[in-house]
Structures are given as structure tokens and as C-alpha cells.
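Peer 1: The following block contains the structure, expressed as C-alpha cells.
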Amino acid sequence: MKPLGLHRFDQRLATILSVLRATGRVQLEGDRVARRRYIRFELEAPGAEMAVLGRFKYEEWYERDRVGWRLTRYHYDYWDSTRGGRLGYHWHRVDRRDPEYHAHCEAPSGSRTIAHYRFYEMDLLEAHAALVRLYASEEPIDCSGLRQLVTARAGRARQDQRTSTS
2 MKPLGLHRFD QRLATILSVL RATGRVQLEG DRVARRRYIR FELEAPGAEM
52 AVLGRFKYEE WYERDRVGWR LTRYHYDYWD STRGGRLGYH WHRVDRRDPE
102 YHAHCEAPSG SRTIAHYRFY EMDLLEAHAA LVRLYASEEP IDCSGLRQLV
152 TARAGRARQD QRTSTS
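Those letters in the sequence shown? Residues 2 to 167, per this note's numbering, in order.
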């Protein structure tokens with residue numbers, strides 16, 4: 002994503018709020034530090050004082066450079082309040098390496114064996130559309146199609162597992 006000037010940054014916030022409010026109750030928190038910005042959207046669906054069936058939390062971190070506000074990391078997460086489970090699209094440092102796009106997935110069974118899965122860059126509105134489709138489908142979160150992101154920690158865990166079964 003290209004850096005955003007102040008006007009485009011504020012437009013982005015207004016657009017995101019408008020889209021999210023169509024899904025449920027939205028809470029926006031932000032921090033406007035001189036060189037850095039953090040914004041968090043929390044959403045409960047379906048809203049309108051009904052029982053919460055799904056929770057969404059979207060966080061973005063920005064840094065100011067000479068061009069404008071540059072996105073430096075994000076977390077876009079969905080929790081299924083009915084069946085359990087979590088699906089998240091993230092971009093941040095993993096095992097002290099450069100920031101990587103990846104997914105987090107926890108099946109409704111609660112068994113989470115892999116912390117990071119391979120994934121690609123997503124915009125908040127794109128991630129929201131995908132996560133809302135999952136929520137609206139009333140299908141449980143399914144991690145089976147995701148592939149493990151190889152990290153130093155995952156490599157050590159695989160090595161430990163091979164050693165203990167030998």
C-alpha cells in the first residue's frame with residue numbers, strides 16, 4: 002500500500018467505518034502520536050443488541066515518512082463466538098525476520114498445532130469481506146487448506162518432534 006496523505010488517511014478511516022457499521026456494532030480506537038499511528042476497529046455481529054455470534058478486530062500501525070502515512074503492520078482477526086475458532090490475516094515480524102504476510106487459524110476443536118500459515122497481503126476491506134463471508138456462511142472455521150509458514154520456531158518444533166519419535 003502506498004503512503005497516504007492526511008486527507009486520504011482520514012478518508013480511509015471514514016470508508017472503513019461506513020463498511021463495518023453495516024455488519025454490526027463498531028468501536029474505533031486510535032492513537033495519533035507525531036510519527037506513528039495505531040488504529041483499532043472492534044466489531045460485534047450481528048449487532049442491534051442481539052447475541053454476539055462473531056467478533057472482528059482489525060488493527061493497523063502506521064509510520065509517517067516524507068510522503069505520508071505508511072502502513073507498517075496489521076492484524077485482521079475473526080472469532081466465531083458460536084462454534085469457536087479463530088481466523089486471522091497478519092503482517093508483522095515473525096521470529097525476528099522481516100515482516101511476513103501470514104494467517105493464524107484455530108479450528109473449532111481448539112487444537113492449534115501450527116502458529117503461522119502462509120498467506121498473502123490483504124487490505125482491511127478485502128480481509129473484512131472474506132471474514133464476513135465466512136461469518137455469514139455459518140460454516141465452522143476450517144484450517145485444512147492452509148500451509149505452514151516455516152519459521153525458526155516451527156523448524157525447532159519439527160526437529161523436537163522427530164527426535165522424540167526416533
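Idealized CB from N, CA, C, for every residue including glycine.
May I ask you to list the residues that DSSP assigns as paired with I142?
Peer 2: None; I142 has no bridge partner.
Peer 1: Under a three-way DSSP split, which group does H76 fall into?
Peer 2: Strand at H76.
Peer 1: Return the chain-ordered list of same chain residues with a C-beta closer than 8 Å to the C-beta of E127, the five sequence neighbours on each side being excluded.
Peer 2: Same-chain partners within the cutoff: there are none.
Peer 1: For Y77 and L125, which I take to be in contact (beta-carbon distance under 8 Å), what is that distance rounded to the nearest angstrom?
Peer 2: The pair is a contact, with the Cβ atoms about 6 Å apart (cut-off 8 Å).
Peer 1: Would you kindly work out how many angstroms separate the C-alpha atoms of D66 and D81, rounded to a whole number?
Peer 2: Each residue's Cα considered, the two are about 37 Å apart.
Peer 1: For a quick check, are the C-beta atoms of R38 and E60 less than 8 Å apart?
Peer 2: Not closer than 8 Å, so no.
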